[in-house]
Amino acid sequence: MRDNTSLRSDIAERMQRWTGLLLALFALAALLDTASSDLNCTTKPFVFDVFKLALHSRGGYCELKSCEKLDTGKTYPHPPLTIQGLWPAWSNGSNGPMGCSYVEFSNNSVKLIKDQLDYLWPSFDSYIENQDLWSREVQTYGSCALCQEKDLGNGTNYLMQALILYKSYNVTAWLEKGGIAHSYHETIALSRINETLTKSFDGGEFELYCEGSRDGKDILQGVRLCFSANKQTPTKCVKTRDTCTTPDVWYLGSSSGSVVPSTLSIFFATYLVLLFLKH
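In mature numbering (1 follows the signal peptide of the UniProt record, and there is no 0), the protein residues as written are -37 to -1, 1 to 242.
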């Protein structure tokens, strides 16, 4: 009989393969479903050379911010690290442009990928709905991405690109493979996190972002990965100032761990996408 750890690992691997297939199907569906946006790009410079995929920790965020309380014993259906944003930036470390154009975007346009967005790109603020968060990200950052990278086409595809990068470069899985688990009881050596991500994110640069402290140790709020703007492949970029200053940091997650969508729901979602593509 296999132990629970081995069983969970096998399930996680199968779910990752299924999710990768779904993302490809969803991407195709989104391309067929939504016409290219009519953009009115502003005259201010919006050219950038890097995308930063920003991930953040619900546990870390809720330690400092106003959000839904993490109740003991409650399972939150999200990985320890979820998407915060896909941000245009410059490789010299400067923040990229924002609000380059108004983008036509509606909740209906993301209906095929809503479950994945709810799972991997949730709002942690109790007063901001998920759909409002996605719309804000599209208008603030996606607009500049669409003005420069015309192949993205529309706001749905911009969100889709973030999902694909998240699944292709799964930081949560890398940390777990390196034996690094989120905990409210013990801290993790910062050097260990750096070493694990350096080995996994080959050819790319990343940043660890800390804010706040707990028992005198910094709280790891998130990880930011650098990708080339035109190819969306790992690339080098200048790190901003160090925000993690203590040798050990807190890597906080949901109080009861995370769960993944059931295999049945995966098959059902696949069926819906294939059905849509027939029409």
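Cβ coordinates follow ideal geometry from the N, Cα and C atoms, glycine included.
Answer with buried or exposed for residue i, where buried requires no fewer than 16 other C-beta atoms within 10 angstroms of its C-beta.
i: residue 3; result: exposed
i: residue 181; result: buried
i: residue -37; result: Because the pLDDT at residue -37 is just 42, under 50, the model does not fix this residue reliably, and the value given afterwards should be weighed accordingly. Exposed is the call here.
i: residue 91; result: exposed
i: residue 148; result: exposed
i: residue 98; result: buried
i: residue 101; result: buried
i: residue 27; result: exposed
i: residue 154; result: exposed
i: residue 158; result: exposed
i: residue 185; result: buried
i: residue 187; result: buried
i: residue 58; result: exposed
i: residue 133; result: buried
i: residue 219; result: Low local confidence applies: a pLDDT of 37 at residue 219 is under 50, so the model's placement there is unreliable, with the coordinate-based value given in what follows. When all chains shown are included, residue 219 counts as exposed.
Between residue i and residue j, what straight-line distance do the alpha-carbon atoms span, to the nearest angstrom?
i: residue 146; j: residue 170; result: 21 Å
i: residue 122; j: residue 211; result: 33 Å
i: residue 156; j: residue 138; result: 7 Å
i: residue 80; j: residue 209; result: 33 Å
i: residue 47; j: residue 162; result: 23 Å
i: residue 71; j: residue 178; result: 45 Å
i: residue -2; j: residue 68; result: Residue confidence for residue -2 is low, a pLDDT of 46 falling below 50, so the modelled location carries little weight; the figure read from the coordinates is stated next. The straight-line gap from Cα to Cα measures roughly 11 Å.
i: residue 12; j: residue 183; result: 27 Å
i: residue 151; j: residue 109; result: 38 Å
i: residue 55; j: residue 25; result: 31 Å
i: residue 168; j: residue 160; result: 9 Å
i: residue 202; j: residue 73; result: 33 Å
i: residue 118; j: residue 205; result: 32 Å
i: residue 19; j: residue 164; result: 17 Å
i: residue 115; j: residue 23; result: 32 Å
i: residue 40; j: residue 82; result: 7 Å
i: residue 126; j: residue 10; result: 23 Å
i: residue 131; j: residue 120; result: 16 Å
i: residue 128; j: residue 84; result: 12 Å
For residue i, which residues does DSSP report across the bridge?
i: residue 180; result: 177
i: residue 189; result: 15
i: residue 67; result: None; residue 67 has no bridge partner.
i: residue 26; result: Paired residues: none, contrary to the question.
i: residue 169; result: 188
i: residue 51; result: 14
i: residue 151; result: 212
i: residue 197; result: 190
i: residue 58; result: 52
i: residue 46; result: 18
Would residue i and residue j be called neighbours here (beta carbons separated by less than 8 Å)?
i: residue 104; j: residue 49; result: yes
i: residue 15; j: residue 52; result: yes
i: residue 143; j: residue 214; result: yes
i: residue 60; j: residue 135; result: no
i: residue 289; j: residue 173; result: Only positions -37 to 242 of the chain appear in this structure, which leaves residue 289 out of reach.
i: residue 86; j: residue 96; result: yes
i: residue 166; j: residue 197; result: yes
i: residue 30; j: residue 78; result: no
i: residue 124; j: residue 195; result: yes
i: residue 192; j: residue 111; result: yes
With residue i and residue j assumed to form a contact (beta carbons below 8 Å), what rounded beta-carbon distance in angstroms separates them?
i: residue 200; j: residue 207; result: At roughly 17 Å, the Cβ-Cβ gap does not stay under 8 Å, so residue 200 and residue 207 are not in contact.
i: residue 21; j: residue 216; result: 7 Å
Answer yes or no: does any C-beta atom of chain C fall closer than 8 Å to that of residue i?
i: residue 188; result: Although the question refers to chain C, the structure presented lacks it and comprises just one protein chain.
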